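Position one of the sequence shown corresponds to residue 20 (the working numbering), numbered consecutively onward.
We put the CB at the ideal spot given by N, CA and C, even for glycine.
Predicted, not measured: the structure shown is a model, and the values here were computed from it.
Below: the structure, in structure tokens.
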Amino acid sequence: MGEEKSLPRLAAERPHERSGRKTDIVIHAGDMLLWGLLATGLLTTLLRAGQALHLTRMDPTLLLGTMVTPDRDRAKMIGFVIHFLNGWWIALVYVLFFHALGFAEWWLGALLAVAHTAFVLLVVLPSLPGIHPRMASDESGPTPTRMLEPPGFLALNYGVRTPAAVLIAHLVYGAVLGAFYNV
Numbered sequence: 020m021g022e023e024k025s026l027p028r029l030a031a032e033r034p035h036e037r038s039g040r041k042t043d044i045v046i047h048a049g050d051m052l053l054w055g056l057l058a059t060g061l062l063t064t065l066l067r068a069g070q071a072l073h074l075t076r077m078d079p080t081l082l083l084g085t086m087v088t089p090d091r092d093r094a095k096m097i098g099f100v101i102h103f104l105n106g107w108w109i110a111l112v113y114v115l116f117f118h119a120l121g122f123a124e125w126w127l128g129a130l131l132a133v134a135h136t137a138f139v140l141l142v143v144l145p146s147l148p149g150i151h152p153r154m155a156s157d158e159s160g161p162t163p164t165r166m167l168e169p170p171g172f173l174a175l176n177y178g179v180r181t182p183a184a185v186l187i188a189h190l191v192y193g194a195v196l197g198a199f200y201n202v
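In structure tokens:
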């Protein structure tokens with residue numbers, strides 16, 4: 020019979036360019052954590068700058084932290100920790116894509132960030148009123164315990180420039196991961 024064609028190997032099974040050994044994601048965990056931390060720091064800084072420049076009223080650290088505590092001061096600190104933990108596990112998702120494709124580039128990270136932003140703006144933020152114990156809903160409005168404004172479609176309740184601010188911050192996040200993470 021004829022020769023059997025083998026299926027292409029996954030990126031994680033390809034020989035490492037420099038050493039010839041097989042690579043896997045565990046070898047790059049330190050890079051993922053480092054660049055995930057840096058990318059999340061930049062994303063958080065850009066979102067905070069967006070607030071300072073009056074581009075958006077959205078405060079992701081407050082939104083996340085008030086899910087845990089009603090104390091706004093403590094909520095910002097707790098939200099900050101949650102946001103960075105989210106940044107790390109989301110960096111893992113990016114890294115899995117990079118390994119599946121066999122390469123990482125700044126533009127690929129930015130492209131993934133567009134999808135990431137769309138998911139955040141179209142799915143995550145609009146669903147928050149249903150799970151957030153201190154967020155009003157679009158239908159019923161605020162109550163004594165639910166005083167946070169709901170994001171609404173594309174988080175437009177936090178300002179018309181909010182989608183642009185969120186996109187820019189996430190583009191930087193993805194570009195940093197794509198540029199500096201080595202597959």
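Between Gly171 and Leu74 the beta-carbon gap is near 16 Å, outside 8 Å, which marks them as no contact.
A distance below 8 Å separates the beta carbons of Leu131 and Gly193. Exclusion of the five residues before and after Pro79 leaves Thr63, Leu66, Gly98 and His102 as the residues of its chain whose Cβ lies within less than 8 Å of its Cβ.
The DSSP assignment places complete alpha helix (DSSP H) segments of no fewer than 4 residues inside the stretch 51-119 at 79-84, in order along the chain.
In the structure shown, Gly149 adopts helical secondary structure according to DSSP, grouped into three states. Relative to Glu124, the option among Val202, Met154, Ala198 and Ala48 whose CA is nearest is Ala198. Taking every protein chain shown into account, the CB of Pro89 has fewer than 16 other CB atoms within 10 angstroms, so this residue is exposed. Contact between Pro169 and Leu140 is absent: CB atoms are separated by about 13 Å, not below the 8 Å threshold. Burial state of Ile150 is exposed, judged by a 10 Å Cβ sphere holding fewer than 16 other Cβ atoms.
CA-to-CA, the gap between Trp54 and Val100 works out to about 16 Å.
Note that the C-beta distance between Arg93 and Leu81 is not below 8 Å. Linking Leu173 to Ala48 through their CA atoms gives a straight-line distance of about 33 Å. Across the structure, Pro152 and Phe122 are spaced so that their CA atoms are roughly 41 Å apart.
Ranked by Cα distance from Met51, the options His118, Leu72, Met86 and Met77 are led by His118.
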